[in-house]
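Keeping their order, the protein sequence lines are chains A and B.
Quick note on the numbering used here: the first sequence kicks off at 6 and runs consecutively.
Quick note on the numbering used here: the second sequence kicks off at 106 and runs consecutively.
We put the beta carbon where it would ideally sit given N, CA and C, even for glycine.
Heads up: the structure comes next, in C-alpha cells.
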Amino acid sequence: MAIAAEQKETIEKLELRREVTVWGSFMWGYADVGADIYAALGIVIASAMGWSPLAFAIAGVIYVMIGLAFTELASSYPVAGGGHYYSLRGLGDIWGFIAGIGLILDYTIDIALFAVASTGYINFFIPFIRDFKITIGPLVNINPLWALEAVIAIAMLAILNLRGVKESSRFNEVLGAFDLVIESSIIITGFLFAWRPEFLAWQWKFQAPTLSQFLYGSSLAIISFVGLESISQAAQETRRPATIIPRTSLTLIFTVLIYALSFSTLSLGILPWQLIATREGDPIATLASNIPYIGMLAGPLTALLGATILLTSANSGIMGVSRLIFSMSHFHLASEWFNKVHRKYRTPINAIIGFSLVGILLTIFSFLTPRALDTLGNLYAIGASMGYTLVFISLIRLRFVDPYSPRPYHVPGNIKWKRKDGTIVQVPVIGFLGFLGVFSLFIVVLATHDIGRIFGPIWIVACLIYYIVYRKRNKLPVFGSVPHDWEKEQVQVLTSAEEYELVEQYKQALIHRDRERGIKSRWAEEEIE
Amino acid sequence: MKPRKLVPPPETVTWQDGYRFVLGVLSLVLGFAILIRSILAGIITPPSILLGVLFIAFGVYRLYVGVVRYQQYRAIHQKSHKNG
C-alpha cells in the first residue's frame, strides 16, 4: 500500500501535463525563434553592414542543420530536456550536464534579453522612460526605469508559468498568430511598394564590412535563429509528439529562415545600414515606419508587435529553462530541489522561480553596462553554440548506440554503413556538417565576443564545480554515468505520449535484436504476460 | 525502420487548406516581384536572387502539397461514394 502510494507520488512528481497541440507546438517554437529578428536585426546590421543578408544566410544554413537534427531527436525522444537529454543518452552523464548548462545559459539570457527588448519596444510609446538617464558614481547614463519595467515583466511571466502550461501555451498561440500576420504584412507591402533593389546593390557593393566585422555579425546572426530547442522542450507536453513535432519543426525552420532573410534584405533596400544600426532598440519599427501607405500606422503597430512577440519569447525562455532543469534534476545532474512539482498546477515551481530570479539578476547586471541589449546579445551565442555542438555529436552517436528507437523522422542525407555484427547503421552526413558548422561558430564566438569570451568559460567552470560537489555529496560517479535502463525509459516515454504504434515497433525491434543475439528477451516475456 | 507518413490523408477540406493555398500564391507573387524588380533595376545581388528563389520554391511547394492533398481527398471521397 505504502509502495503503491509512493509510486503514484513519484509519477505525479515527474509527469508534466500533455496539453500542447500542433498549433501550440509551432507557436511555442515560433514565439522564441520568431522574436529573435526583432532584437538581432539592429546589432547584426551594425556589424555586417551591407553584407548583413549574407550573414543571416550563413547563419541560416547552420540553423537549418540544427533544426533538422532537433526534429529527428525530439520526435524520437519526446521528453523535456532537449539537447541535454540527447547528450546524456548518447554520450553519458557529464556531457549531458555540459550540454544542459550551455542551454540553461542560453535560456536564462533569453529571459533577460527579450524582457529588456520587449519593454524597449513598449517605451516607443513612453519616450520619457526611453530617454531617462542618470549617473550614479561610476555608473554613467544608466536607465533604472527601463530596468524596473523589464524586472516586472519577468515577474509577471513567472507567475503565468506557475499557473501551468495550458495558460501559457494559449498565451503564445494568440500573440504568435497576431505577430505572424503583422510580420507578413510588413514584408509583402515593403517588397511591393518600398524596396529599392538598386539601393540594396549599392550598399552590398560599397558598404562591405571587414572580415572580422563580418564574422562577428555572422555569429550574432545565429542568435536570430536560436530557440528551436523550445519544440523539444515542449515535446514532453505535446500530444502525440512523434507525429506533431516533425510537422511543426519543419514548418518553423522554413518560416523563421525566410523571415530573417526577408527582413535583412528588405531593410537594406529601404534604409541605409547606419540608420538601422543607430536604432538598435527598435529596428523593425524603424523599418515599418518607412514603408509608404502604411508607414504612419505601421510604426506604432510594429512597436506593439515587437513588444508582444519579444514578451512571448521571454515567456518561452522561462518555460524552456524550467523544463530543462527539471529534466536534469530527474537524471541526477542537478539538485532534487528543482524537481519539485506544484501540487495544484503540476508545474516545476522551484525551477520557474529560481531561473526567473537569475533572469532578473542578469537584467540588472546588463543595465549597469553602457548598452544592456548588446551585453546580453554578446552572451547569448556562447551557450547555444556549445550546447548545439554536443547535440550533433549525440545525433551521430545515438544512431550507433540506439538504432532500435523508432525515428518518425530522419535527417536527410544518410550513408548506410555495415557494422562487423552485420547490422546496418544510417550515418547522418548532416550530423558531421552541422558539427563542423556549429563548432566553427563556437570558435568565432570565443574569438570575437569580448564579454562571452570571459563569461562563457567562467560559467562552465562554476557549473562544473557545482556538478562535482553535487555528485560527490550524493555518492554518484563524477566522470562516469549512473546506470540507466534506457529501454524501459523509452517505452515509458512513448506510452506516456500515447504513441502506442511506436511502442510496439520498438518492442518488436528489441525482441528481434535479442533473438539475433540468442538471448531471452524481457520484452517478449512482457508481451506473453 | 521506415519513417511513417507524418500527415494522414484529409477527410475533409478545412480552412487550413484555404490558408495554405493563399500562402502559396502570395509567396509566388512575392518571389517573382523580387526577381523581376531586381532584373528591371539592372543590378542583381546574391540576397535578392536567394530570397526570390526561396519564395518561389516555397510557393510551389505549398501549392504542390495542396494539389496532392486535394487528390487524396477526392480519392477518399469517390471511394466512400462507391461503397456507400
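{"Check": "Within the continuous alpha helix (DSSP H) that includes K477 of chain A, where are the two ends?", "Outcome": "D455 to R478"}
{"Check": "Check the C-beta distance from A319 of chain A over to A182 of chain A and give it rounded, since I have them as a contact under 8 Å.", "Outcome": "Their Cβ separation, rounded to whole angstroms, is 18 Å, which puts A319 of chain A and A182 of chain A out of contact at 8 Å."}
{"Check": "With a threshold of 16 other CB atoms inside 10 Å of the CB of V508 of chain A, please say whether the residue is buried or exposed.", "Outcome": "buried"}
{"Check": "Which of the three DSSP states is assigned to I147 of chain A in this structure?", "Outcome": "strand"}
{"Check": "Report the start-end ranges of each alpha helix (DSSP H) in the region 73 to 144 of chain A that is 4 residues or longer and not cut off at the edges.", "Outcome": "88 to 96, 98 to 127 and 132 to 136"}
{"Check": "When the cut-off is 9 Å and only beta carbons count, does R404 of chain A lie next to chain B?", "Outcome": "no"}
{"Check": "Identify whether K345 of chain A lies in helix, strand or coil by the three-state DSSP scheme.", "Outcome": "coil"}
{"Check": "Using a Cβ cut-off of 9 Å (strictly closer), state whether P108 of chain B contacts chain A.", "Outcome": "With a pLDDT of 46 at P108 of chain B, under the threshold of 50, the modelled position of that residue is not reliable, and the figure given next carries that caveat. By this cut-off, P108 of chain B is an interface position."}
{"Check": "Opposite V432 of chain A in the DSSP bridges: which residues?", "Outcome": "A:I420"}
{"Check": "On a Cα-Cα basis, can you pick out the residue from A:A514, A:Y414, A:S399 and A:Y350 that is closest to L167 of chain A?", "Outcome": "A:Y350"}
{"Check": "What first and last residue would you give for the alpha helix (DSSP H) that runs through T270 of chain A?", "Outcome": "P246 to I275"}
{"Check": "Strictly by DSSP, which residues pair up with P353 of chain A?", "Outcome": "A:V346"}
{"Check": "Within 10 angstroms of the Cβ of T15 of chain A, are there 16 or more other Cβ atoms? Answer buried if so, exposed if not.", "Outcome": "In this prediction, T15 of chain A scores a pLDDT of 43, lower than 50, which makes its location untrustworthy; no coordinate-derived value is stated."}
{"Check": "For E341 of chain A, count the other beta carbons within 10 Å of its own beta carbon; 16 or more makes it buried, fewer makes it exposed. Which is it?", "Outcome": "exposed"}
{"Check": "Please list the residues of the region 139 to 173 of chain A that have a C-beta atom closer than 7 Å to any C-beta atom in chain B, keeping them in chain order.", "Outcome": "none"}
{"Check": "Short check: CB of A79 of chain A to CB of S254 of chain A, under 9 Å?", "Outcome": "yes"}
{"Check": "Does the beta carbon of R228 of chain B come closer than 9 Å to any beta carbon on chain A?", "Outcome": "Residue 228 of chain B is absent from the model: chain B starts at 106 and stops at 189."}
{"Check": "Tell me where the alpha helix (DSSP H) around V406 of chain A begins and ends.", "Outcome": "A377 to V406"}
{"Check": "Just tell me which of A:A199, A:N383, A:F219 and A:I357 has its CA closest to the CA of N295 of chain A.", "Outcome": "A:A199"}
{"Check": "Determine whether the Cβ of L135 of chain B lies closer than 9 Å to any Cβ atom of chain A.", "Outcome": "yes"}
{"Check": "Express the C-alpha separation of V66 of chain A and S445 of chain A in angstroms, rounding to a whole number.", "Outcome": "13 Å"}
{"Check": "Between A247 of chain A and P413 of chain A, what straight-line distance do the alpha-carbon atoms span, to the nearest angstrom?", "Outcome": "6 Å"}
{"Check": "Out of A:G47, A:V84 and A:H89, which has the shortest C-alpha to C-alpha gap to L395 of chain A?", "Outcome": "A:H89"}
{"Check": "Given a cut-off of 9 Å, decide if L292 of chain A and A138 of chain B are closer than it, judged by their beta-carbon atoms.", "Outcome": "no"}
{"Check": "Chain A partners of T150 of chain B, CB-CB under 7 Å?", "Outcome": "L205, A206 and W209"}
{"Check": "When you compare only the Cα positions, how much space is there between R135 of chain A and I99 of chain A?", "Outcome": "44 Å"}
{"Check": "To the nearest angstrom, how far is the alpha carbon of W491 of chain A from that of S57 of chain A?", "Outcome": "45 Å"}
{"Check": "Could you give the distance in angstroms between the alpha-carbon of E11 of chain A and the alpha-carbon of R348 of chain A?", "Outcome": "Low confidence applies here, because E11 of chain A scores a pLDDT of 44, under 50, leaving its location unreliable; read the following figure in that light. Those two C-alpha atoms are separated by around 15 Å."}
{"Check": "Go ahead and pull the three-state DSSP assignment for D519 of chain A.", "Outcome": "helix"}
{"Check": "List the whole-angstrom C-beta distance separating Y112 of chain A from G286 of chain A, where the pair is believed to meet the contact cut-off of C-beta under 8 Å.", "Outcome": "In fact, because the Cβ distance is near 23 Å, the residues do not count as touching under 8 Å."}
{"Check": "Near L515 of chain A, which residues of its chain fall below 8 Å by C-beta distance, leaving aside the five closest residues on each side in sequence?", "Outcome": "Y409, E492, S526 and W528"}
{"Check": "Could you pull out every unbroken alpha helix (DSSP H) segment of at least 4 residues lying fully inside the region 282 to 367 of chain A, listed in chain order?", "Outcome": "288 to 294 and 300 to 335"}
{"Check": "Is it buried or exposed, H186 of chain B, if we count other Cβ atoms within 10 angstroms and call 16 or more buried?", "Outcome": "exposed"}
{"Check": "Within 10 angstroms of its Cβ, does V38 of chain A collect 16 or more other Cβ (buried), or is it exposed?", "Outcome": "buried"}
{"Check": "Against chain A, does I161 of chain B count as a neighbour if the rule is that its beta carbon must be under 9 Å from one of theirs?", "Outcome": "no"}
{"Check": "How is L122 of chain B classed by DSSP in three states: helix, strand or coil?", "Outcome": "The amino acid occupying residue 122 of chain B in the given sequence is Asp; Leu does not appear at that position. Three-state DSSP puts D122 of chain B in a helix."}
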